[in-house]
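Undergrad: Residue numbers (our numbering): -3 to 181.
Note that CB positions come from ideal geometry on N, CA and C, so glycine has one too.
Here the structure is a predicted model, which means the values were calculated and not measured.
My questions will all concern the structure given below.
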Amino acid sequence: MKNKYKYITIVGSTCSGKTTLARHLSRILHIPHIELDAIYWGPDWTAKSFPEFRKEVEEIVERDSWIIEGNYMSVQDIVLSKAELVIWLNYSFPLVFYRALTRTIKRMITQEEVFSGNKERFVEQFFTRNSLLYWVIKTYKKKKDNMRFIFDHNIYSNAKKIELDKTREIRDFLNSINESTLKRQ
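Below, the structure is given as structure tokens:
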């Protein structure tokens, strides 16, 4: 797998583990990891304009290799049309919501910086529509239905598609990559 795929994208609901998997793959395969959230969000949670975001993603997909993770439908056509491997982390809503809740609480307690110096705040996360938890509730089904359509109808047929819906499957997947990479060295 080390030389087989140069363009990999990881999709899935918010808090499905896209960033974690992308970091592991990047380390194993020596391919740069691109986090769409980090490109989209500026200081004070200011979003990039649609044209600016698309332009930046168009430039990124022209690079020699990448692992792009994120679920922005506004640039999905750009990323998926170039991807050689699409990995869909298709976890259940209860698991994703639990992860969103625990991640939000952890980030608030530790004051962890997210993107461009942004931090999650209690009031915003629990009492506004800007809440990550609200976002998960609002977008989970739509994103799942969108990916199911792409996978079932073989949209972007140039890409191999892998659907993982259990944590064990991700461990097995990473172990298989580690083993095949070691055999090539």
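Are the C-beta of Arg167 and some C-beta of chain D separated by less than 8 Å?
TA: Considering every chain present, this structure includes no chain D. It has just one protein chain.
Undergrad: Which word fits Gln72, buried or exposed, when buried means at least 16 other C-beta atoms lie within 10 angstroms of its C-beta?
TA: Burial call: buried.
Undergrad: Would you say the stretch 52 to 62 touches the stretch 80 to 98, given that touching needs at least three Cβ pairs under 8 Å?
TA: Flag = no, the stretch 52 to 62 and the stretch 80 to 98 do not touch.
Undergrad: Since Ile146 and Gly13 should fall inside the 8 Å C-beta cutoff, what is the C-beta to C-beta distance between them, to a whole number of angstroms?
TA: Ile146 to Gly13, Cβ: 19 Å. No contact.
Undergrad: Report the option in Asp148, His20, Lys138 whose CA atom is closest to the CA atom of Tyr68.
TA: It is Lys138.
Undergrad: Return helix, strand or coil for Glu65, following the three-state DSSP convention.
TA: DSSP places Glu65 in strand when its eight states are reduced to three.
Undergrad: Starting from Tyr3, follow the beta strand (DSSP E) in both directions and report where the run begins and ends.
TA: That run of the beta strand (DSSP E) goes 3 to 8.
Undergrad: Pick out whichever of Glu159, Asp161, Ile4 has its Cα sitting closest to the Cα of Lys78.
TA: Checked all of Glu159, Asp161, Ile4; the closest Cα to Lys78 is Ile4.
Undergrad: Taking the straight line between their C-alpha atoms, what separation do you get for Thr98 and Pro47?
TA: Going by the C-alpha atoms only, they are around 34 Å apart.
Undergrad: Let's test the definition: count the other Cβ atoms within 10 Å of the Cβ of His29 and tell me whether it reaches 16, buried, or not, exposed.
TA: Flag for His29 reads buried.
Undergrad: Return the bridge partner residues of Val82 from the DSSP annotation.
TA: Partner(s): Thr5, Lys157.
Undergrad: Alpha carbon to alpha carbon, how far is Arg50 from Ile56?
TA: If I take the Cα positions, the gap works out to 10 Å.
Undergrad: By the three-class DSSP mapping on this structure, what secondary structure does His26 have?
TA: His26: coil per DSSP, three-state reduction.
Undergrad: By DSSP's criteria, Trp37 is part of a beta bridge. Which residues make up the other side?
TA: Paired residue(s): Ala43.
Undergrad: Nearest to Ala34 by alpha carbon, out of Lys140, Val53, Ser112, Leu25?
TA: For Ala34, the nearest C-alpha among the options comes from Ser112.
Undergrad: So what's Glu58 in DSSP terms, helix, strand or just coil?
TA: Note: Glu58 maps to coil in three-state DSSP.
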